[in-house]
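In this note's numbering, the protein residues as written are 49 to 217.
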């Protein structure tokens, strides 16, 4: 994969996440995180920061995942083993009194912000409150939203292409 040499060159190309990971590997940058985070590592590098100085925005500590019985409103989102997994899905389904529970974008954004801010006090109860009082206008989503919007555009385009048998070559 051709490594861009300037920020302008980088920003003229759309990269899939797998391509961003490859670029980060080639540049010896962190390779974990969202597309927005990977983009930020590469932009920082192309703006002159040495690869050794660029650190992951979020740090994942390895903990044993929490079992259903270990999750409650006071469970810390960080450094506890809490994750958006099947056990948490069952806990949230019981908490909200629904048969099936799916994690949503709001929850992911709130948890990601907690990780980025290293907010070790944030709890499952706080997550629920923030989710219920969600005010998108107070959250800086421009970078993340761009990723979601573009992915939706690509998905919809490909669906249309298949539906109408459009040849783009």
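Where is the CB? At the ideal position from N, CA and C, for every residue including glycine.
Check	Outcome
Could you pull out every residue in the same chain whose Cβ sits closer than 6 Å to the Cβ of residue 173, ignoring the five residues on either side in sequence?	121
Please state whether DSSP places residue 171 in a helix, a strand or coil.	strand
Helix, strand or coil: which one does DSSP assign to residue 154?	helix
Can you tell me the Cα-Cα spacing of residue 163 and residue 105, whole angstroms?	8 Å
Between the stretch 121 to 130 and the stretch 70 to 82, do at least 3 Cβ pairs fall closer than 8 Å?	no
Determine which residues share a DSSP beta bridge with residue 124 and list them.	171
Would DSSP call residue 115 helix, strand or coil?	coil
Quick check on residue 85 - is its C-beta less than 8 Å from some C-beta in chain D?	Chain labels in this structure do not include chain D; a single protein chain is all it has.
What residue does the alpha helix (DSSP H) around residue 82 start on, and which one ends it?	No alpha helix (DSSP H) holds residue 82; DSSP gives it neither H nor E.
Express the C-alpha separation of residue 137 and residue 99 in angstroms, rounding to a whole number.	38 Å
Restricting to Cα atoms, I'd like to know which of 168, 52, 64 and 131 is closest to residue 156.	131
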